[in-house]
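Trainee:
In this note's numbering, the protein residues as written are 29 to 225.
#1: Using a threshold of 9 Å, state whether the C-beta atoms of residue 164 and residue 145 are closer than that.
#2: Reducing DSSP to helix, strand and coil, say where residue 168 ends up.
#3: With DSSP run on the structure shown, which of helix, strand or coil describes residue 32?
#4: Checking 9 Å against the spacing of the C-beta atoms, do residue 99 and residue 148 come in under that value?
#5: Start and end of the beta strand (DSSP E) containing residue 91?
#6: For residue 161, which residues does DSSP report across the bridge?
#7: What are the start and end residues of the alpha helix (DSSP H) that includes residue 66?
#8: For the beta strand (DSSP E) containing residue 192, name the first residue and the last one.
#9: Provide the residue span of the alpha helix (DSSP H) that contains residue 199, from first to last.
#10: So, under 8 Å CB-CB, residue 88 and residue 33 are touching, yes? Tell me the CB distance rounded to an integer number of Å.
#11: Along the beta strand (DSSP E) that carries residue 76, what are the first and last residues, could you check?
#12: Roughly how many angstroms lie between the CA atoms of residue 95 and residue 120, to the nearest whole one?
#13: Can you give me the Cβ contacts of residue 194 inside the same chain, cut-off strictly under 6 Å, excluding the 5 residues immediately before and after it?
The structure is reproduced here in structure tokens:
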């Protein structure tokens, strides 16, 4: 079996120790990297370049690196079509006490959420290429409001407006999540004005 076939059989991914166990010498792995057949996500984790990846493959890559990582903020807004912004880095949340981690690819910005905020409304999405964690629509809107001073108030208001006027709106759930995330008082006046007009 060649290295490309190995990766195809393993859904496009391969770890160094598993590759060695399968009989691939480090020279073969290095040559595959050099020839752009595979690329490094982080030390010891690789993915096949020419594979039928979907648009969420970067989210899956991050989840392979850190199982606690949750797609959040602008990246989650883009996933849910709640923003016109297409972020140039993947934004992910991890619990406060998580050890620092970095990726060679994709570019990511890590946010460290408190233990009370991090676990709220984490959804698991399954795709043909793998799975990843992402916050619910409601939690995403609330998080953007929590970070509105860093991300920009215009982004927070656009996200809220898109949510309120979208087809999957659930104001009761939004209110409940906003209370848990401690942004209820900040969001309520905007929600009222958007619902009325």
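C-beta: ideal position from N, C-alpha, C; glycine also.
Mentor: Let me spell this out:
#1: To locate residue 164, count along the chain shown from 1; it is residue 136. To locate residue 145, count along the chain shown from 1; it is residue 117. Contact flag unset, no.
#2: Counted from its first residue, the chain shown places residue 168 at position 140. Helix at residue 168.
#3: Position 4 of the chain shown, counted from the first residue, corresponds to residue 32. Looking at residue 32 - three-state DSSP - the assignment turns out to be helix.
#4: Here the question's residue 99 lines up with position 71 in the chain shown. Here the question's residue 148 lines up with position 120 in the chain shown. No, the Cβ-Cβ distance between residue 99 and residue 148 is not below 9 Å.
#5: Taking the first residue of the chain shown as position 1, residue 91 is located at position 63. Careful: residue 91 lies outside any beta strand (DSSP E), inside the alpha helix (DSSP H) at 85-93.
#6: For the purposes of this step, residue 161 is taken as residue 133 along the chain shown, with counting starting at 1. DSSP, once it has assigned bridges, lists 98, 152 as partnering residue 161.
#7: Reading the chain shown from its first residue, position 38 is the one you call residue 66. Note, residue 66: premise wrong, no alpha helix (DSSP H); beta strand (DSSP E) at 66-70.
#8: Here residue 192 is taken as the residue at index 164 of the chain shown, counted from 1. That residue, residue 192, is in no beta strand (DSSP E); its alpha helix (DSSP H) goes 181-192.
#9: On the chain shown, residue 199 is found 171 positions in, with the first residue counted as 1. Looking at the DSSP string, the run of the alpha helix (DSSP H) that includes residue 199 is 199-208.
#10: Mapped onto the chain shown, residue 88 falls at position 60. Mapped onto the chain shown, residue 33 falls at position 5. 21 Å between Cβ atoms; not a contact.
#11: The sequence position of residue 76 within the chain shown is 48, counting from 1. 73-76 is the extent of the beta strand (DSSP E) around residue 76.
#12: Numbered from 1 along the chain shown, position 67 holds the residue referred to as residue 95. Numbered from 1 along the chain shown, position 92 holds the residue referred to as residue 120. So the alpha carbons of these two residues sit roughly 11 Å apart.
#13: Taking the first residue of the chain shown as position 1, residue 194 is located at position 166. None.
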